[in-house]
Amino acid sequence: MAASRRIAWAPAAKQDLRKLWRYYSNVASPEIADKLAGEIEVASNRLRSQPLLGRARDEVAPGLRSLLVHPYAVFYRTNDDVVEIVRVLHEHRDFAAVFSAKES
138 MAASRRIAWA PAAKQDLRKL WRYYSNVASP EIADKLAGEI EVASNRLRSQ PLLGRARDEV
198 APGLRSLLVH PYAVFYRTND DVVEIVRVLH EHRDFAAVFS AKES
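For the sequence shown, position 72 matches number 209 in my numbering, and the numbering has no gaps at all.
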């Protein structure tokens with residue numbers, strides 16, 4: 138069995154999660170927002186033991202992977218000890234543009 142990795146949330150990913158919670162809390166309900174945020178957290182925690190669970194996204198940025206939690210994509214990078222959640226973006230966003238803007 139593979140060793141369990143630590144999950145680290147980048148500041149941008151934490152901000153993404155706060156924004157999506159506020160959005161769904163306003164347009165739906167706090168309960169819906171809690172449910173979606175909880176699903177994202179559960180999926181992210183599965184990466185501790187299954188870091189290759191998500192899809193490779195080298196076309197977006199080298200070494201990047203994503204895991205779909207409809208309607209969001211959880212973007213992350215992994216190494217031997219840590220899975221870093223770097224962004225949580227709506228599936229209709231232009232991922233390449235978001236990540237290229239970060240690099241400039």
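We treat Cβ as the ideally placed atom computed from N, Cα and C, and that holds for glycine.
First through last residue of the alpha helix (DSSP H) which encompasses residue i
i: E176; result: P167 to R183
i: V164; result: P148 to V164
Buried versus exposed call for residue i [16 or more other C-beta atoms within 10 Å across all chains shown]
i: P199; result: exposed
i: H213; result: It is worth fixing the name first, because residue 213 is Tyr in this sequence and not His. That one is buried.
i: A166; result: Checking the displayed sequence, the identity of residue 166 turns out to be Ser instead of Ala. Result: exposed.
i: P148; result: exposed
i: L205; result: exposed
i: L173; result: buried
i: P188; result: buried
i: I177; result: buried
i: R202; result: buried
Where residue i falls: helix, strand or coil (DSSP)
i: S237; result: helix
Residue interval of the beta strand (DSSP E) (run including residue i)
i: V223; result: V219 to H227
i: L204; result: R202 to V206
i: A210; result: Y209 to T215
Pairs of beta-carbons, one from the region 161-170 and one from the region 224-238, closer than 8 Å: are there three or more? no
State whether the region 147-154 contacts the region 182-199, with contact taken as three or more CB pairs (one from each stretch) at a distance under 8 Å. no
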